[in-house]
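Residue numbers (this note's numbering): 1 to 301.
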């Protein structure tokens, strides 16, 4: 297998490309997920994934699937850079002369969790903006005209803190979910390469390339693992971030209490179909973008 020297800035660029591809491929699925998660449980507008897709196409055309994409698309490069930096920092902490970078599964998990921690403060406001735009169905009833308008109105009406609504729920989701994400990626890569190489090392260290099928499979499985772990907290976060400002005085505790009382525990996986359908192509595209960009940057030196 070929070996390359990877610098931190190359990972920043590769993470940006991978993140952009994730958004472009996965945002239509994400819009359906948000619509299903925020629907009235007693009189739901959509009967399921297919009905949601059909009604969005009928009422809003293809552009309806890409509502709210501006905020995540603009933020993917720094977010992915920070996420990989956090993951790489964890890997460096656990790496020593004895293990030579061949870490245990729990060490990959904790390193991935660190990646979720360092990005939460940026992810939370980005998803607050995205979700508020996604639940709008179009027409004259729209409250917000775009991401900048969302920020302006939230600050004017409720203060700066409103922009960061859902931060705790984002941490609750991303800390364990990114741990599972990278742990699964390493596990599947090990099956294909026999090396268990890390996705990133934020230092000038040797990195081995991965076969195409290994990257696609590992990325897809990582995405599925992330959402299996993340889904309950994501449902709570979406409900909280799209609700009227004073509806849930105790944050995610109030959301959880109301959902369990009125809808039962199954509602914590509402919207799972579009999420899992999205996870495979979006995360395969993400890691393909990362790997191809790293190879391109390496060959151009």
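Note that beta-carbon positions come from the ideal geometry of N, C-alpha and C, so glycine has one too.
Note that this is a predicted model, so its numbers are computed, not measured.
*Going along the chain, which residues of its own chain have a beta-carbon closer than 6 Å to the beta-carbon of residue 312, five neighbours each way excluded?*
This structure cannot settle anything about residue 312, because the visible part of the chain is limited to 1 through 301.
*Whole-angstrom distance between residue 180 and residue 15, CA atom to CA atom*: In the chain shown, residue 15 corresponds to position 15, counting from 1. In the chain shown, residue 180 corresponds to position 180, counting from 1. Spanning the two alpha carbons is a distance of roughly 19 Å.
*asked:* Pop quiz: residue 150 and residue 227 are said to be a contact at Cβ under 8 Å. What is the actual Cβ separation, rounded to whole angstroms?
replied: Within the chain shown, numbered from 1, the residue matching residue 150 stands at position 150. Within the chain shown, numbered from 1, the residue matching residue 227 stands at position 227. Actually they are not in contact, since the Cβ atoms of residue 150 and residue 227 sit about 25 Å apart, beyond 8 Å.
*Within this structure, are the beta carbons of residue 252 and residue 122 separated by less than 9 Å?*
As a first step, residue 252 is located in the chain shown; it is residue number 252 there, counting from the start. As a first step, residue 122 is located in the chain shown; it is residue number 122 there, counting from the start. Going by C-beta atoms, residue 252 is not nearer than 9 Å to residue 122.
*Taking residue 279 as the reference, which of 242, 244 and 221 has the closest Cα?*
If you number the chain shown from 1, residue 279 lands on position 279. With distances taken between Cα atoms, residue 279 lies closest to 221.
*If you follow the alpha helix (DSSP H) that residue 105 is part of, which residue opens it and which one closes it?*
Locating residue 105 in the chain shown gives position 105, counting from the first residue. Segment 105-134, the alpha helix (DSSP H) holding residue 105.
*Spatial distance of residue 113 from residue 192 (CA atoms)*: For the purposes of this step, residue 113 is taken as residue 113 along the chain shown, with counting starting at 1. For the purposes of this step, residue 192 is taken as residue 192 along the chain shown, with counting starting at 1. Approximately 24 Å between the Cα atoms of the pair.
_With H, G and I counted as helix, E and B as strand and the rest as coil, what does DSSP make of residue 187?_
Taking the chain shown and counting its residues from 1, the one referred to as residue 187 is at position 187. Three-state result, residue 187: helix.
*Taking the CB atoms as reference points, tell me whether residue 21 and residue 285 lie closer together than 9 Å.*
Taking the chain shown and counting its residues from 1, one reaches residue 21 at position 21. Taking the chain shown and counting its residues from 1, one reaches residue 285 at position 285. It is a contact, given that the beta carbons lie within the stated cut-off.
*residue 204 by DSSP, collapsed to three states: which one?*
Numbered from 1 along the chain shown, position 204 holds the residue referred to as residue 204. Caution applies to residue 204, whose pLDDT of 41 falls short of 50 and renders its modelled position unreliable; the value that the coordinates give is listed next. In the structure shown, residue 204 sits in coil (DSSP, three-state: anything other than H, G, I, E or B).
*Measure the C-alpha to C-alpha separation of residue 184 and residue 282 and round it to an integer number of angstroms.*
Within the chain shown, numbered from 1, the residue matching residue 184 stands at position 184. Within the chain shown, numbered from 1, the residue matching residue 282 stands at position 282. Near 16 Å, if we compare the C-alpha coordinates of residue 282 and residue 184.
*Residue environment, residue 266, which counts as buried when at least 16 other CB atoms sit within 10 Å*: Numbered from 1 along the chain shown, position 266 holds the residue referred to as residue 266. Residue 266 should be labelled exposed.
*Rounded Cβ spacing between residue 210 and residue 237 (contact assumed at less than 8 Å)*: Your numbering for residue 210 matches position 210 in the chain shown. Your numbering for residue 237 matches position 237 in the chain shown. About 32 Å; that fails the 8 Å criterion.
*Measure the CB-CB distance between residue 52 and residue 73 and report whether it falls below 9 Å.*
For the purposes of this step, residue 52 is taken as the residue at position 52 of the chain shown. For the purposes of this step, residue 73 is taken as the residue at position 73 of the chain shown. Their beta carbons are not under 9 Å apart, which means residue 52 does not touch residue 73 by this criterion.
*May I ask you to report which of helix, strand or coil DSSP gives residue 144?*
Numbered from its first residue, the chain shown carries residue 144 at position 144. Here residue 144 sits in coil by DSSP.
*Cβ-based neighbour list, residue 56, same chain, cut-off 8 Å, excluding 5 preceding and 5 following*: Counted from its first residue, the chain shown places residue 56 at position 56. 31, 32, 35, 64 and 65.
*Nearest-angstrom Cα distance between residue 155 and residue 40?*
Here residue 155 refers to the residue found at position 155 when the chain shown is read from its first residue. Here residue 40 refers to the residue found at position 40 when the chain shown is read from its first residue. Those two C-alpha atoms are separated by around 27 Å.
*Taking only the alpha-carbon atoms, compute the straight-line gap between residue 167 and residue 212 and give it to the nearest angstrom.*
Here residue 167 is taken as the residue at index 167 of the chain shown, counted from 1. Here residue 212 is taken as the residue at index 212 of the chain shown, counted from 1. Taking the straight line joining both Cα atoms gives about 36 Å.
*Pairwise C-alpha distance: residue 216 and residue 19*: As a first step, residue 19 is located in the chain shown; it is residue number 19 there, counting from the start. As a first step, residue 216 is located in the chain shown; it is residue number 216 there, counting from the start. For residue 19 and residue 216, the distance between alpha carbons rounds to 15 Å.
_Which of helix, strand or coil DSSP assigns to residue 238_ = Counting from one through the chain shown, the residue named residue 238 turns up at place 238. Helix, per DSSP.
*Nearest-angstrom Cα separation, counted from residue 271 out to residue 319*: Residue 319 is absent from the structure shown; the chain starts at 1 and stops at 301.
*Rounded C-alpha distance that separates residue 298 from residue 145*: Translated into positions along the chain shown, residue 298 becomes position 298. Translated into positions along the chain shown, residue 145 becomes position 145. Using only the alpha carbons, I get a separation of about 42 Å.
*For residue 67, count neighbouring Cβ atoms within 10 angstroms of its own Cβ and tell me buried if that reaches 16, exposed if not.*
For the purposes of this step, residue 67 is identified with residue 67 of the chain shown, where counting begins at 1. Per the 10 Å Cβ criterion, buried.
*What is the DSSP secondary structure of residue 270, reduced to helix, strand or coil?*
The count along the chain shown starts at 1 and reaches residue 270 at position 270. Coil at residue 270, not helix or strand.
*Using the C-alpha atoms, what's the distance from residue 177 back to residue 225?*
Here residue 225 refers to the residue found at position 225 when the chain shown is read from its first residue. Here residue 177 refers to the residue found at position 177 when the chain shown is read from its first residue. Taking the straight line from one Cα to the other gives about 8 Å.
*Excluding five sequence neighbours on each side, which residues of the same chain lie with their C-beta closer than 8 Å to the C-beta of residue 83?*
For the purposes of this step, residue 83 is taken as residue 83 along the chain shown, with counting starting at 1. Answer for residue 83: 15, 115, 116, 118, 119 and 178, listed in chain order.
*Is the Cβ-Cβ distance between residue 245 and residue 111 less than 9 Å?*
If you number the chain shown from 1, residue 245 lands on position 245. If you number the chain shown from 1, residue 111 lands on position 111. No, these two residues do not count as a Cβ contact at 9 Å.
*Give the C-beta separation of residue 243 and residue 287 to the nearest angstrom, bearing in mind that I take them to be a contact with Cβ-Cβ under 8 Å.*
In the chain shown, the residue the question calls residue 243 occupies position 243. In the chain shown, the residue the question calls residue 287 occupies position 287. About 34 Å separates the two Cβ atoms, so there is no contact after all.
*Please specify which runs of the alpha helix (DSSP H), each continuous and at least 4 residues long, are wholly inside the stretch 37-85, giving them in chain order.*
49-60
_Boundaries of the alpha helix (DSSP H) in which residue 261 is found, first to last residue_ = Numbered from 1 along the chain shown, position 261 holds the residue referred to as residue 261. That run of the alpha helix (DSSP H) goes 252-262.
*Enumerate in chain order the residues of its own chain whose CB-to-CB distance from residue 255 is below 6 Å, with the five nearest sequence positions on each side excluded.*
For the purposes of this step, residue 255 is identified with residue 255 of the chain shown, where counting begins at 1. 236, 239, 240 and 248.
*Sort 261, 291 and 170 by Cα distance to residue 232 and report the nearest one.*
As a working mapping, residue 232 is identified with position 232 in the chain shown. It is 170.
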